[in-house]
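Below you'll find the structure, written out as C-alpha cells, and then a few comments.
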Amino acid sequence: MNTHHVPSLPERIQPNTWLAHTWVHAQTFKLNQNPTYVGRFAPSPSGKLHQGSLITALASYLHAHWHGGVWRVRVEDVDTSRCTQAMGEHQLRTLRTLGFQFDEPVLWQTERFSAYRAEFERLRAQHQVYPCTCTRSQMAQNPSAHHCALGIDEGTTIRTWRFRADHQVVTWMDEAGHSHTQTVDDFVVKRGAHLSDEWAYALAVVVDDAHQGITHVVRGEDIRASTARQIALQKALDYPTPQYNHVPLLRNAAGEKLSKSEQAPELDTLNPVDTLLHAWRFLGGHDFECADVTEFWKTVKTL
Ligand SMILES: [Zn+2]
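Each residue of the sequence shown is one higher than the one before, starting from 140 at the first, in the numbering used here.
Set out below in C-alpha cells:
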C-alpha cells in the first residue's frame, strides 16, 4: 500500500480500528484498474446467528462493498449431524431482516457433495490423501501411534481420510502486510469409508471458495489457524489463494469467545438498527443517529 498518501477518513470511522484500516485499503484497491473482488459470509447453521456472527457478517459486507466488490453468502451445512436446513433458512431470514443484500440463490454445502467427491478423487489419484484407522480418542491420547500415512492393514476400519501435508511450511501475508508462517500437519478431509458422503469442513471450504471465485475472505480471528491448511490444499488442487483478513472477536467478560455453543444470546431483530449499530461500534465506527435499517445501510455504504 502507498503509505505516502493516506486518504482522510470519514468522520464516522475512528482511526486505528479494523474499519479504518479497511476503508483506507479499499480506497487504494479501487485505484487499481479492473479490480476484482468477490467476498463471502459463510455461517454454519448449527445455531442461530448471534452478535459475534453479525460482526463478521458486517465486516465482510463492508469490506466487499467498500472495495467495489460482490458479496456472497454460503450456508456451511456440510456437517449434517450438527446443521439443519431449518436453521440455515432462519439465518438467511435474519440477514435479510437486517438489510443485508446478497446474490440468490445462496450456495448450500449439502448440495455440493458431488463436487467434493470429484476433488477428493483427484487428490486420491495424486496420492495426496490416505486412509486413517485411528479414532479421535486414540489420536488425542497417543498421536505417535498414528502411522497410517505409511499404509494401513487390509480389512481395518477406515475412520477418516487425511490430506498428506507432510509438515510443509506455509507462509501467507495478511492485508496489513504481516507475514504468518505455519507448519501444516496431515488433516482430515473426509470421514468414513471411501464411498460414503461424509466431507470435512477443511475440504468443503476450499472447494467452495474456488468454485465461487472468492478473492477475499474476511472472517473471525478464531479461524486464522486454519488458513495454512487451506492454502496447502489450494496448492494441491491448483486453486488460487484468496486474500485473508481476520476480524477481532467479540468476547465475554471472562475473555472467552462468544459463540453459539456458549449460549450467546440470539440477535435482536425486533430492534434491527440497535443491533446493527452495536456491531458497527464494535468494529470501530462512531455512533450516529439513524431512523431505520435503510438509513443505516445508506450511511455506512456511502462512506
Ligand atoms: Zn491414523
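Here a beta-carbon is modelled for each residue, glycine too, at the ideal position from N, C-alpha and C.
Item, Value
"Report the option in Pro-146, Trp-205, Tyr-383 and His-189 whose CA atom is closest to the CA atom of His-319.", "Tyr-383"
"Ordered along the chain, which non-local residues of its own chain (more than five positions away) have a Cβ less than 8 Å from that of Trp-157?", "Ala-198, Val-386, Pro-387, Leu-422 and Gly-423"
"Just the Cα atoms here: how many angstroms apart are Leu-262 and Ala-393?", "43 Å"
"For Gln-230, does the count of other Cβ atoms within 10 angstroms reach 16, so buried, or fall short, so exposed?", "buried"
"Report buried or exposed for Glu-360, applying the criterion of at least 16 other Cβ atoms within 10 angstroms of its Cβ.", "exposed"
"State whether the segment 190-205 contacts the segment 407-420, with contact taken as three or more CB pairs (one from each stretch) at a distance under 8 Å.", "yes"
"Ignore the nearest five residues each way along the sequence and tell me which others in Lys-399's own chain have a CB closer than 7 Å to its CB.", "Its pLDDT being 49, under 50, Lys-399 is placed unreliably by the model, and nothing is read from it."
"Could you tell me the alpha carbon to alpha carbon distance between Val-217 and Glu-293, rounded to whole angstroms?", "29 Å"
"What do you reckon, are the CB atoms on Arg-298 and Cys-271 nearer than 8 Å?", "yes"
"How would you write the range of the beta strand (DSSP E) that Ser-318 sits in, first residue to last?", "318-323"
"Give a single yes or no on whether His-306 has its beta carbon closer than 7 Å to a heavy atom of ligand 1.", "no"
"In chain order, what residues of the same chain have a beta carbon less than 6 Å from the beta carbon of Met-312, not counting five sequence neighbours either side?", "Ser-318"
"So does the segment 233-250 actually touch the segment 277-284, counting three or more Cβ pairs closer than 8 Å?", "no"
"Within 7 Å: the Cβ of Thr-272 and any heavy atom of ligand 1?", "yes"
"According to the neighbour-count rule (16 or more other Cβ atoms, all chains shown, within 10 Å of its Cβ), is Arg-232 buried or exposed?", "exposed"
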